[in-house]
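Peer 1:
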DNA sequence: AGGTGTTCACATAGTTCA
DNA sequence: TGAACTATGTGAACACCT
Ligand SMILES: [Zn+2]
Ligand SMILES: [Zn+2]
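Chains as they are written, first to last, in full-length UniProt numbering: chain A, 1 to 454; chain B, 1 to 454.
(1) Among all the DSSP beta bridges, which residues are the ones paired with residue 102 of chain B?
(2) Between the Cα of residue 224 of chain B and the Cα atoms of B:357, B:404 and B:153, which residue gives the shortest distance?
(3) Under the criterion of a Cβ to heavy atom distance below 6 Å, does residue 146 of chain A qualify as lining ligand 1?
(4) State yes or no: is the beta carbon of residue 453 of chain A nearer than 7 Å to at least one beta carbon in chain B?
(5) If you compare alpha carbons, which of A:326, A:118 and A:93 is closest to residue 432 of chain A?
(6) Output yes or no for whether 7 Å exceeds the beta carbon distance between residue 361 of chain A and residue 275 of chain A.
(7) Please list, following the chain, all residues that have a C-beta closer than 6 Å to any non-hydrogen atom of ligand 2.
(8) Do three or more CB pairs link the region 155–162 of chain B to the region 99–115 of chain B at distances below 8 Å?
(9) Pairing CB atoms from the region 432–443 of chain B with CB atoms from the region 242–259 of chain B, are three or more of them under 8 Å?
(10) Got a sec, what are the start and stop residues for the alpha helix (DSSP H) residue 151 of chain A sits in?
(11) Mapping DSSP to helix, strand and coil, what is residue 471 of chain A?
(12) Would you check if the region 263–272 of chain A and the region 391–398 of chain A touch, i.e. whether three or more CB-CB distances between them fall below 8 Å?
(13) Counting only Cβ pairs nearer than 9 Å, list the residues of chain B close to residue 351 of chain A.
(14) Between the beta-carbon of residue 318 of chain B and the beta-carbon of residue 422 of chain B, is there less than 7 Å?
(15) Applying the criterion that 16 or more other CB atoms from any shown protein chain within 10 Å of the CB defines a buried residue, is residue 143 of chain A buried or exposed?
(16) Pull up the distance between the alpha-carbon of residue 230 of chain B and that of residue 139 of chain A, whole angstroms please.
(17) With a threshold of 7 Å between beta-carbons, can residue 361 of chain B be considered close to chain A, or not?
(18) Look at the Cβ atom of residue 129 of chain A, then the Cβ atom of residue 150 of chain A, and state whether they are nearer than 7 Å.
(19) If you follow the alpha helix (DSSP H) that residue 399 of chain B is in, where does it begin and where does it stop?
(20) Short of 7 Å in beta carbon distance, which residues of its chain neighbour residue 279 of chain B, apart from the five on each side in sequence? Order them along the chain.
(21) Enumerate in chain order the residues of its own chain whose CB-to-CB distance from residue 109 of chain B is below 7 Å, with the five nearest sequence positions on each side excluded.
(22) Check each candidate in A:146, A:97, A:141 and A:167 and name the one with the smallest Cα separation from residue 118 of chain A.
(23) Taking 7 Å as the cut-off, decide whether the C-beta atoms of residue 346 of chain A and residue 418 of chain A are in contact.
(24) Does the Cβ-Cβ distance between residue 354 of chain B and residue 219 of chain B come in under 7 Å?
(25) Considering only C-alpha positions, which residue in the set B:391, B:440 and B:258 is nearest to residue 210 of chain B?
(26) Can you check whether the C-beta of residue 333 of chain A is within less than 7 Å of a C-beta belonging to chain B?
(27) With a 10 Å radius around its C-beta and 16 neighbouring C-beta atoms as the bar for buried, classify residue 371 of chain A as buried or exposed.
(28) Please check if any C-beta of chain A sits within less than 7 Å of the C-beta of residue 523 of chain B.
(29) Have a look at residue 277 of chain A and residue 382 of chain A and give me their C-alpha separation to the nearest angstrom.
(30) By alpha-carbon positions, which one of A:386, A:237 and A:348 ends up nearest to residue 254 of chain A?
(31) Output needed for residue 114 of chain A: all residues of its chain with C-beta closer than 8 Å, excluding positions within five of it in sequence on either side, in chain order.
(32) On a CA-only basis, which of A:171, A:283 and A:157 is nearest residue 451 of chain A? Give me that one, please.
(33) Taking residue 411 of chain B as the reference, which of A:260, A:112 and A:316 has the closest Cα?
(34) Report yes if the C-beta distance between residue 288 of chain B and residue 261 of chain B is below 7 Å; otherwise report no.
(35) Write down the C-beta distance between residue 157 of chain B and residue 350 of chain A rounded to the nearest angstrom, noting that I regard them as a contact closer than 8 Å.
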């Protein structure tokens with residue numbers, strides 16, 4: 001087929017319009033720009049053969065997109081229908097009643113309320129005064145929403161807008177990509193590095209090496225393959241019929257977990273190379289602390305609240321366990337709160353959890369028990385711990401920059417102390433329970449060791 | 001200015017083309033679609049006065065966008081340049097080394113790794129086997145990244161990809177807008193409602209009324225204007241020079257907070273209408289619990305970790321306070337962990353915090369102190385508490401649906417109990433400290449009352 | 001000039017299809 | 001499987017108004 005000449009005329013010349021509109025011209029499409037409905041419907045119904053536009057070549061992608069949009073037709077129909085439906089039915093700004101554009105700062109709201117909250121969210125509500133005489137009771141409606149700052153901002157908060165949905169400067173920088181490598185641009189990095197350099201013989205100065213990456217890869221892989229069922233499978237609940245069954249049930253489930261932890265530890269060369277006595281001591285005095293690290297990791301949703309509620313049955317079961325053992329004890333509060341605190345610090349970071357487990361394992365004297373025997377080769381243990389601590393440090397530096405890592409480390413150290421305190425009192429608590437209920441024969445030997453019974 | 005008639009003719013009719021092209025027609029633009037270069041250059045150089053298109057009215061936004069895009073021209077150049085620049089330099093997929101498209105699931109990665117993780121993140125790593133003989137040590141590089149599932153998924157985790165960044169079904173539904181009003185579409189709502197209806201005389205069945213909204217508005221406004229400085233101002237730290245100064249300093253700062261709380265309570269009509277004795281009793285026995293609710297709200301960044309670290313100085317100061325008072329006590333752990341737990345439950349929701357404060361205020365017997373005297377008008381207190389509980393319930397239902405609200409309520413009730421336990425032992429702790437240090441004369445009367453000293 | 005509200009640009013979720 | 005798409009919700013910028 002011979003190529004036809006195709007042209008577009010865009011005109012406001014009345015003579016020409018009249019001339020063309022009056023007689024039927026073949027192979028010609030007419031769009032009356034003054035009749036928006038016609039424009040819309042013609043484009044949407046694809047009654048014009050727009051596809052010939054696709055024959056155009058060498059147009060850059062931007063223009064391609066324009067034509068593409070014009071060419072897609074029935075999809076836009078759907079979309080338009082849906083959008084119209086939505087907008088006319090339920091997309092109402094909860095603050096001013098205007099047409100909402102979506103969720104802004106966690107509240108269904110319009111663009112102006114979004115902008116307003118973004119501007120004023122950090123202002124002091126106390127310093128703003130209600131402009132009208134109706135004391136802080138101005139109606140915020142579409143027409144006069146910008147009359148009174150005080151009442152508008154207040155309504156934003158009242159409808160649930162959250163200042164914490166406003167990105168911090170740090171978060172903006174990361175998004176913008178100026179800081180895709182957060183470890184490069186940290187301005188105060190030298191300062192902090194030096195602090196550590198002075199104390200710690202420069203072990204914290206490098207970044208992650210290729211070798212470190214392989215170690216992380218391996219560790220994390222081992223950790224996940226050993227414990228994944230623990231995280232994703234349905235948690236088995238403790239039998240709560242009475243104290244005896246509860247204790248035995250607890251002992252059995254923790255015996256399983258302990259075996260998994262030991263299996264994991266034995267994959268670490270530095271641990272496996274120690275002599276048997278030292279391995280035994282490290283397990284005996286540190287395993288209880290490891291429980292809480294591993295149990296606080298779970299791989300559910302990011303949303304804090306929903307994740308905790310998904311775990312609710314498990315938590316409730318745990319609470320009742322302590323309650324069955326000793327209703328007057330506040331052991332439960334201590335344990336569960338430590339776990340919640342750790343969940344925040346560990347922040348669902350699998351690498352962090354798997355490394356921290358090893359670091360805790362190699363802790364000497366962590367149990368703060370005066371009876372803890374000396375290690376034969378405490379130097380190796382110290383070296384191993386330093387090595388993994390360094391890897392963890394570098395991993396976090398690489399991931400989130402030095403400033404944040406510094407703070408996170410400080411807090412993790414605090415938590416390790418809490419973890420230890422908690423383990424000690426838990427050990428006493430459970431020992432008392434076991435003695436009182438005379439279930440010692442039914443506790444597995446491994447758990448007896450961990451509880452320092454034998 | 002009178003509106004001109006504007007039209008577009010698209011034609012392949014040679015007669016018409018010839019006719020128009022041969023004579024100069026005013027107010028008309030001609031585009032020859034067979035000469036792509038002409039089309040491109042005309043569009044890009046904007047030599048056609050497209051702007052008259054802006055005169056079009058009532059076109060829907062989609063079409064506006066098409067025209068708008070046609071009007072923009074040189075900006076795309078810039079953008080393309082910048083994107084190329086970035087992508088060629090520093091955007092390397094941390095998993096396979098391919099060109100990254102940005103952060104996916106918290107790791108700088110390419111589109112294929114993004115899709116891969118999205119597909120397999122919830123698979124069991126243990127069940128996947130490493131395909132090659134190199135045991136779980138396959139190199140994941142651009143060319144052969146899809147060889148071994150096991151090692152690829154593992155590397156995703158190792159580089160820090162997070163399953164919790166994958167939206168849950170619930171979150172997707174909310175975004176898509178099918179559930180802009182979460183209270184409408186809840187399938188199991190009747191079931192839960194009935195549970196509550198049976199127990200609670202149907203008070204939980206309605207949705208938020210206009211009147212409720214005004215109450216929320218007022219309450220939340222009062223709360224914010226009274227406590228905002230507490231949240232946003234620089235927290236004043238406790239003087240830690242020695243135990244005596246620490247206790248006095250603690251007493252003074254909490255005296256201020258107590259006065260603010262009382263000020264807030266007196267804005268509640270139901271409280272103000274009680275007789276003086278009842279008001280006194282409620283304050284005396286409940287104020288200590290209220291401290292922890294109010295202090296656990298802060299309005300910093302959403303990011304969990306960064307927000308906690310911003311608060312770190314305050315937390316550390318608090319820890320040292322307990323340490324100065326009694327280094328052997330684990331009071332600190334209890335208090336701080338309760339606060340961290342509450343921060344999660346209250347989820348930075350200002351309305352929730354302000355209502356919960358009132359609900360706790362109206363609690364009778366919350367202090368679980370056998371000596372707590374009976375109220376004169378306990379019915380009014382009960383009614384007030386029911387009223388605000390109902391409003392809170394409806395607010396949460398409206399915001400997040402019934403299922404989640406049910407779970408959140410259950411957990412909040414648990415926390416209220418913990419809060420009470422904590423308050424009681426805190427009262428004992430601080431009383432012991434005050435007696436031991438003989439600082440009772442320097443403790444303000446209000447704090448003495450709250451501590452049940454007087 | 002500073003406040004307001006619309007629109008643009010962008011990041012990163014999910015989704016689709018060859 | 002992975003490139004290319006859509007969708008949502010951020011911040012930023014602009015044109016307008018007082
Ligand atoms: Zn609005
Ligand atoms: Zn990749």
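Built from N, CA and C at the ideal position, the CB exists for glycine as well.
Peer 2: In short:
(1) By 1-based counting over the second chain, the position of residue 102 of chain B is 102. In DSSP, residue 102 of chain B forms a bridge with B:109.
(2) By 1-based counting over the second chain, the position of residue 224 of chain B is 224. Selected option, being the one with the closest Cα: B:357.
(3) By 1-based counting over the first chain, the position of residue 146 of chain A is 146. At a cut-off of 6 Å, the beta-carbon of residue 146 of chain A does not count as near ligand 1: no heavy atom of the ligand is closer than that.
(4) As a working mapping, residue 453 of chain A is identified with position 453 in the first chain. So no, residue 453 of chain A is outside the interface.
(5) Translated into positions along the first chain, residue 432 of chain A becomes position 432. Out of A:326, A:118 and A:93, A:326 has the C-alpha closest to the C-alpha of residue 432 of chain A.
(6) Here residue 361 of chain A is taken as the residue at index 361 of the first chain, counted from 1. Here residue 275 of chain A is taken as the residue at index 275 of the first chain, counted from 1. No; because the gap between Cβ atoms is not below 7 Å, this pair is not in contact.
(7) Taken from the N-terminal end onward, the list reads B:93, B:95, B:96, B:98, B:109, B:110, B:112 and B:113.
(8) yes
(9) yes
(10) Along the first chain, read from residue 1 onward, the residue named residue 151 of chain A stands at position 151. Its alpha helix (DSSP H) spans residues 149–158.
(11) The structure shown has nothing for residue 471 of chain A, since chain A only spans 1 to 454.
(12) Verdict: no, contact absent.
(13) Position 351 of the first chain holds residue 351 of chain A. Here the neighbours are 157, 158, 159 and 160.
(14) By one-based count along the second chain, residue 318 of chain B stands at place 318. By one-based count along the second chain, residue 422 of chain B stands at place 422. In this structure, residue 422 of chain B does not lie closer than 7 Å to residue 318 of chain B by Cβ.
(15) Position 143 of the first chain, counted from the start, is the residue given in the question as residue 143 of chain A. With fewer than 16 neighbouring CB atoms inside 10 Å of its own CB, residue 143 of chain A falls in the exposed class.
(16) Within the second chain, numbered from 1, the residue matching residue 230 of chain B stands at position 230. Within the first chain, numbered from 1, the residue matching residue 139 of chain A stands at position 139. Distance between the alpha carbons of residue 230 of chain B and residue 139 of chain A is about 28 Å.
(17) For the purposes of this step, residue 361 of chain B is taken as residue 361 along the second chain, with counting starting at 1. Output row for residue 361 of chain B: interface = no.
(18) Residue 129 of chain A sits at position 129 when you count from the first residue of the first chain. Residue 150 of chain A sits at position 150 when you count from the first residue of the first chain. Yes, the Cβ-Cβ distance between residue 129 of chain A and residue 150 of chain A is below 7 Å.
(19) Counted from its first residue, the second chain places residue 399 of chain B at position 399. Counting along the chain, the alpha helix (DSSP H) containing residue 399 of chain B begins and ends at 378–400.
(20) Taking the first residue of the second chain as position 1, residue 279 of chain B is located at position 279. Answer for residue 279 of chain B: 271, listed in chain order.
(21) For the purposes of this step, residue 109 of chain B is taken as residue 109 along the second chain, with counting starting at 1. Only 93, 94, 95 and 100 meet the Cβ criterion.
(22) Here the question's residue 118 of chain A lines up with position 118 in the first chain. Answer by Cα proximity: A:167.
(23) In the first chain, counting from the first residue as 1, residue 346 of chain A sits at position 346. In the first chain, counting from the first residue as 1, residue 418 of chain A sits at position 418. No; because the gap between Cβ atoms is not below 7 Å, this pair is not in contact.
(24) If you number the second chain from 1, residue 354 of chain B lands on position 354. If you number the second chain from 1, residue 219 of chain B lands on position 219. Contact: yes.
(25) Here the question's residue 210 of chain B lines up with position 210 in the second chain. From the listed residues B:391, B:440 and B:258, the smallest Cα separation to residue 210 of chain B is found for B:391.
(26) Residue mapping note: residue 333 of chain A aligns to position 333 of the first chain, counting from 1. With 7 Å as the cut-off, residue 333 of chain A counts as an interface residue toward chain B.
(27) What you label residue 371 of chain A is simply residue 371 of the first chain in a count that begins at 1. Exposure of residue 371 of chain A is indicated by the presence of fewer than 16 other C-beta atoms within 10 angstroms of its C-beta.
(28) Absent from the model: residue 523 of chain B. The displayed extent of chain B is 1 to 454, so no value can be given.
(29) Sequence index remark: in the first chain, residue 277 of chain A carries index 277 (1-based). Sequence index remark: in the first chain, residue 382 of chain A carries index 382 (1-based). Their backbone Cα atoms lie some 16 Å apart in a straight line.
(30) Working through the first chain from its first residue, we reach residue 254 of chain A at position 254. When each option's Cα is compared against that of residue 254 of chain A, the closest is A:237.
(31) The residue labelled residue 114 of chain A in the question sits at position 114 within the first chain. These residues qualify, in order along the chain: 101, 104 and 105.
(32) Counted from its first residue, the first chain places residue 451 of chain A at position 451. Of the listed residues, the one whose Cα sits closest to residue 451 of chain A is A:283.
(33) For the purposes of this step, residue 411 of chain B is taken as the residue at position 411 of the second chain. Looking from the CA of residue 411 of chain B, the closest CA among A:260, A:112 and A:316 belongs to A:316.
(34) The sequence position of residue 288 of chain B within the second chain is 288, counting from 1. The sequence position of residue 261 of chain B within the second chain is 261, counting from 1. Contact: no.
(35) On the second chain, position 157 is the one that residue 157 of chain B refers to. On the first chain, position 350 is the one that residue 350 of chain A refers to. Indeed they touch by this definition, with Cβ atoms about 5 Å apart.
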